[in-house]
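Here is the structure we will look at.
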Amino acid sequence: MPRTFPLQSLLDLSQLRLDEAGRKLGELIAGEKEASRRHGLLVQYREEYRTRFVVAAQGGLSPGEWQNYAGFLAKLDEAIGQADSAMTHTRQQTAAGQQEWVVKKGRVKAFDTLSDRHQSRIAYQDQRQEQKASDEHGSRRHEEKGKD
C-alpha cells in the first residue's frame, strides 16, 4: 500500500472547487442583499413620492401636474416590479449556489473519509511492523540469554 493517499490530487481538486463554490456563494448572497436593498429603496421612495402627491393634490393640482405625478408613480411601480423580479432571480441563484456548495462539500467529505481510512490503515500497519520487530528483538534476546 502506498504511503501517500492515492486520491490526494482528487481531494485537493475537490477542496479547490469547494473553495470556489464558497466564494461564488458569497458573491451571490451579496448580490441578493443588494437587490433587496434596491427594492426597499424604491418602495420607500415611491411611498414618499405618493405622500407628496397626496399633499399636493389636497392643495389643488392642474391636470398637467396630476398627470406628471401619476406618470412618475407608474414608472416607480414599473421599477419596483423589475426590482422584485431581480430579487426573485437572485434568490433563485443563491439557492442554486447553496445547493452546489453542499454537493461539493459532500464530495470533499467523502475524500476526507477515504484519506482518514488510508492513514488509519498505514498507522495500523506501522504499529504491527513495530510490534513484530519488538517481538523478534525480544525473542532473540531471550534465546541469547538461554544460550548463556
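In my numbering, the protein residues as written are 5 to 152.
A virtual CB, placed ideally from N, CA and C, is assigned to each residue, including glycine.
Only a predicted model underlies this, so the values are computations on that prediction, with no experimental measurement involved.
Minimum Cα-Cα distance from Leu45 among the listed residues Gln133, Met91 and Glu104 corresponds to Met91. Between the alpha carbons of Gly75 and Ala100 lies a distance of about 38 Å. Closest by C-alpha distance to Thr55, out of Leu77, Gln102 and Phe115, is Leu77.
DSSP places Ser13 inside the alpha helix (DSSP H), whose first and last residues are Gln12 to Gly63.
Assigned with DSSP and collapsed to three states, Pro6 falls in coil, not helix or strand.
With contacts defined by Cβ atoms closer than 7 Å, Arg21 and Lys108 form a contacting pair. The C-alpha of Ser40 is placed about 30 Å away from the C-alpha of Gln71. DSSP, reduced to helix, strand and coil, places Ser138 within a helical segment of the structure shown. Nearest in C-alpha terms to Gln48, of all of Leu80, Ser143 and Leu15, is Leu80.
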